[in-house]
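Written out below as structure tokens is the structure these notes cover.
Number of protein chains: 2
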Amino acid sequence: MTAPAPPSDLKLDEFLCFAVYSASHAFNRLYKPLLDELGLTYPQYLVMVTLWERDDRTVGEIGERLFLESNTLTPLLKRMEAAGLVSRSRDPADERQVRLRLTDEGRALLDKARQVPPCVLDATGLTGEEARSLTDQIGALRTALSR
Amino acid sequence: MTAPAPPSDLKLDEFLCFAVYSASHAFNRLYKPLLDELGLTYPQYLVMVTLWERDDRTVGEIGERLFLESNTLTPLLKRMEAAGLVSRSRDPADERQVRLRLTDEGRALLDKARQVPPCVLDATGLTGEEARSLTDQIGALRTALSR
DNA sequence: CACGATTAGATCGTGAACGATTTAATAGGA
DNA sequence: TCCTATTAAATCGTTCACGATCTAATCGTG
Chain A
1 MTAPAPPSDL KLDEFLCFAV YSASHAFNRL YKPLLDELGL TYPQYLVMVT LWERDDRTVG
61 EIGERLFLES NTLTPLLKRM EAAGLVSRSR DPADERQVRL RLTDEGRALL DKARQVPPCV
121 LDATGLTGEE ARSLTDQIGA LRTALSR
Chain B
148 MTAPAPPSDL KLDEFLCFAV YSASHAFNRL YKPLLDELGL TYPQYLVMVT LWERDDRTVG
208 EIGERLFLES NTLTPLLKRM EAAGLVSRSR DPADERQVRL RLTDEGRALL DKARQVPPCV
268 LDATGLTGEE ARSLTDQIGA LRTALSR
């Protein structure tokens, strides 16, 4: 005689973490075909965005911007270097640091990349204003979680 | 003479996708020590939640619930089986399907797991009502993105 | 009933994430 | 000046995520 399992009070659909987790994957799936056009993966695209914003950054600066550590970034950046998008070189003034610079090819990719965000906004079904609001709310959430 | 780089109009901080991506990682980092107590990774925890909600599910049903495919789930579920949390067995009525069932140990873990969501809500700094609202907005976003 | 089409999982290879550790360079104090 | 502490990346091992493909079981139509 097995006792009936006590009902679980953990409801997946009410989990904020799961909403975020699954939305993150949904974004990834949406981006995949768009970024394939650029020869980038999603995290590589984020690195490119940080370098398009400001070139010539250290691994640590990029990591600070993207909330990633060198153990994630080093292999990713090496793949980007192999793809001809960035150069990696030790800073002569401080040989501990590795500076990332866009190649001409990497810089040129910005033109194509400008077409991506409008496609993505369209797929969200949100207005620009709604998207901004949600971005701010989730940004604040990330800040709270990182304490 | 290199021309000054044209300013990028792609602003990382305005990217909804990046807010979601980085919040997802922030959740993971928050969950890690909590779930270490239970001997679970975060995706394994999600599988447990689905089975606590309803036991005896196929790989496909779990995947439908979590938006994951068998190529992700099969190895994950095998690790959970090896950890003694679930059993995997072919459905006699349809040998293509593999049914997942909680072991006694897996069922018993629910008690400990109930302590997790309050900790997480606390870390978000949100009220229950705010968290619910955000969960709904992000859930709707995921639905829109998956079209 | 047969047999091609479909379905459910599993397998394989690649690229992230990340904890833990290591290596090399710089900084700073006795 | 040396020598210890700190810092920046890199390395290693494990677990996800996912595209592509494979295998085996079942379905459906003639």
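Respectively, the protein sequence lines represent chains A and B. If you read the first sequence in my numbering, its first letter stands for residue 1, the second for the next number, and so on. If you read the second sequence in my numbering, its first letter stands for residue 148, the second for the next number, and so on. For every residue, glycine included, the Cβ atom is placed at its ideal position computed from N, Cα and C.
In the DSSP assignment, R88/A falls within the unbroken beta strand (DSSP E) covering 86 to 91.
Burial is judged here by how many other beta carbons sit within 10 angstroms of a residue's own beta carbon; P7/A has fewer than 16 and is exposed. For Q97/A, there is no enclosing alpha helix (DSSP H); the enclosing beta strand (DSSP E) covers residues 94 to 102.
Contact between the stretch 285 to 294 of chain B and the stretch 12 to 25 of chain A is present: 3 or more CB-CB pairs across the two stretches fall below 8 Å.
Straight through space, the alpha carbons of T197/B and R212/B are spaced by roughly 8 Å.
For the C-beta of I138/A, the chain B residues within less than 8 Å are, from N- to C-terminus, L163, A166, V167, A170, L281, I285.
Closer than 8 Å to the CB of S8/A there is at least one CB belonging to chain B. Residue state for R204/B is assigned as strand, using DSSP reduced to three classes.
Neighbourhood of G272/B in chain A, by CB distance below 7 Å: A144, in chain order. With respect to the C-alpha of L100/A, the residue from D111/A, R114/A, G84/A, I138/A having the closest C-alpha is G84/A.
Listed by position along chain A, the residues whose Cβ is nearer than 9 Å to that of V267/B are F15, L16, C17, L145.
Cβ-Cβ separation between F18/A and L193/B: approximately 6 Å, consistent with a contact (criterion under 8 Å). Across the structure, K259/B and M80/A are spaced so that their CA atoms are roughly 43 Å apart.
Counting only the Cα atoms, K158/B lies some 17 Å from D122/A.
For P222/B, not one C-beta of chain A is nearer than 8 Å to its own C-beta.
Of all residues in the stretch 38 to 56 of chain A, those with a C-beta nearer than 7 Å to a C-beta of chain B are L46, V49, T50, W52, E53, D55, reading in chain order. Counting the other CB atoms within 10 Å of its CB gives A278/B a total of 16 or more, which places it among the buried residues.
Cα atoms of L185/B and E252/B: separation of roughly 11 Å, rounded to the nearest angstrom.
V267/B and L177/B do touch by the CB rule: their CB atoms are close to 7 Å apart, below 8 Å.
Judged by DSSP in its simplified three-state form, P7/A adopts coil rather than helix or strand.
The beta carbon of P33/A sits no closer than 8 Å to any beta carbon of chain B.
When the beta-carbon positions are compared, V245/B and S234/B stay at least 8 Å from each other. Contacts with chain B at 8 Å (Cβ-Cβ) include A113/A.
No residue range can be given for S293/B, since it is assigned to no alpha helix (DSSP H) and is classified by DSSP as neither H nor E. For the stretch 225 to 242 of chain B, the set of positions with a beta-carbon nearer than 8 Å to some beta-carbon of chain A is empty.
Taken through DSSP and simplified to helix, strand or coil, Q115/A comes out as coil.
Taking every protein chain shown into account, the CB of A229/B has fewer than 16 other CB atoms within 10 angstroms, so this residue is exposed. Between Q44/A and the set E95/A, D91/A, L109/A, the nearest pair of CA atoms involves L109/A.
Within a 10 Å sphere around the beta-carbon of G128/A sit fewer than 16 other beta-carbons, which makes this residue exposed. Residue burial is scored here from C-beta neighbours: A93/A has fewer than 16 other C-beta atoms within 10 angstroms and is therefore classed as exposed.
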